[in-house]
Amino acid sequence: KKMKERTDGGRMNQKEENRKISGQPKRNYQKELENLLKQFEKDGRVPSLLLHSCCAPCSSYVLEYLSQYFHITVFYYNPNIYPDTEYDKRVQEQKELIEKLPAKLSKSPFLAGEYDKQLFYDAVKGMEREKEGGRRCFRCYELRLLEAAREAKKGNFDYFTTTLSISPMKNAQKLNEIGGRLAEQYGVKYLFSDFKKKNGYKRSVELSEEYGMYRQDYCGCVFSLEERKRAERKGASEKDHKKNHKKESFL
């Protein structure tokens, strides 16, 4: 059958982009991103991007990578962070990173969302005892991406996305699924991505060291903090057990 001629210059809208891959079990988000960036260069386009940042270290590589292709505004919205002092510390670290970035990277405006912890607790109610990386985390993804989509719509941004996929502990498939769905709902394109690819996470660690950034040792919420403490106690207990067993073997 003869295909209908496109009237949008060959560019797909968000719904078409989502449907294009229906039936495929897994997408190569990095490859998709690379192709999109090449198209921007070819067209001479520099779109606006609202970049939701989970923390300064994770945003470091993403800003370095995307600044040459987008006009970026960093959106810090993370009502999951516990305690308040940790939240304040991460906000300050994000602001300082933006100021420290080299001149060749355009300074990204900083936008802070509302820090309302109750929104997070309401969103994950009933999932408090679930393990990290499961449904509770997915609900947290959605809470933050929802606000990013609203802010992107409000600010007339061309795209929105999140730095969350840079972490090896975060589910890029789920993040992109949520982002694509919200993009359709709010009419702002989601920048599909998996920033851990191409050694993105490794580079973020290098940049953290280069800029002397504070790297937290838990995701951010009270539940992840408690899980980290339990893991530490278990590790210490196992270490003591092995030490005692070794002593007994010499008796």
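For the sequence shown, my numbering assigns the number 91 to the initial residue and increments by one for each residue that follows. The beta carbon of each residue, even a glycine, is placed where N, CA and C say it ideally should be. Bear in mind that the values here come from a model prediction, so they are computed numbers and not experimental data.
Report the three-state DSSP secondary structure of residue i (helix, strand or coil).
i: leucine 315; result: helix
i: aspartate 98; result: Its pLDDT being 42, under 50, aspartate 98 is placed unreliably in this model, and the value from its coordinates should be taken loosely. Coil at aspartate 98, not helix or strand.
i: valine 136; result: coil
i: serine 143; result: strand
i: alanine 202; result: strand
i: isoleucine 268; result: helix
i: valine 164; result: strand
i: leucine 235; result: helix
i: isoleucine 256; result: helix
i: alanine 321; result: helix
i: arginine 180; result: helix
i: serine 150; result: helix
i: lysine 116; result: coil
i: arginine 229; result: helix
i: glutamine 263; result: helix
i: isoleucine 111; result: Only weak support exists for where isoleucine 111 lies, its pLDDT of 45 falling under 50; the coordinates are left without a value.
i: arginine 240; result: helix
i: alanine 193; result: coil
i: tyrosine 172; result: coil
i: glutamine 208; result: helix
i: glutamate 222; result: coil
i: tyrosine 159; result: coil
i: lysine 215; result: coil
i: glutamine 129; result: helix
With DSSP as the reference, identify every bridge partner of residue i, one or two as the case may be.
i: isoleucine 188; result: None; isoleucine 188 has no bridge partner.
i: phenylalanine 250; result: Leu140 and Tyr280
Can you round the beta-carbon distance between residue i and residue j to whole angstroms, since I take them to be within the 8 angstroms contact cut?
i: leucine 140; j: phenylalanine 247; result: 4 angstroms
i: threonine 251; j: leucine 281; result: 4 angstroms
i: serine 198; j: valine 152; result: No, serine 198 and valine 152 are not in contact; Cβ-Cβ is about 10 angstroms, not under 8 angstroms.
i: serine 283; j: serine 150; result: Incorrect: roughly 15 angstroms between the Cβ atoms, too far for contact.
i: lysine 264; j: tyrosine 231; result: 6 angstroms
i: arginine 305; j: proline 147; result: 5 angstroms
i: histidine 161; j: valine 181; result: With a Cβ gap of about 22 angstroms, histidine 161 and valine 181 do not count as contacting.
i: glutamine 184; j: phenylalanine 200; result: 7 angstroms
i: tyrosine 119; j: asparagine 266; result: 6 angstroms
i: lysine 292; j: isoleucine 256; result: Lysine 292 to isoleucine 256, Cβ: 10 angstroms. No contact.
Would you call the segment 267–276 and the segment 188–197 touching, i.e. three or more CB-CB distances under 8 angstroms? Put simply, the segment 267–276 does not touch the segment 188–197. Fewer than three CB pairs are less than 8 angstroms apart.
Starting from the N-terminal side, write out each stretch of the alpha helix (DSSP H) that is 4 residues or longer and does not extend beyond the segment 270–313. If we require 4 residues or more, the alpha helix (DSSP H) runs fully inside the segment 270–313 come out as 290–300.
At a cut of 8 angstroms, does the segment 256–271 reach the segment 210–230 through at least three beta carbon pairs? Remark: three or more beta-carbon pairs, one from each stretch, lie closer than 8 angstroms, so the segment 256–271 and the segment 210–230 are flagged as touching.
Stretch-stretch touch, CB-based, cutoff 8 angstroms, three pairs: the segment 225–237 with the segment 156–176: Proximity of the segment 225–237 to the segment 156–176 meets the contact definition, three or more beta-carbon pairs being nearer than 8 angstroms.
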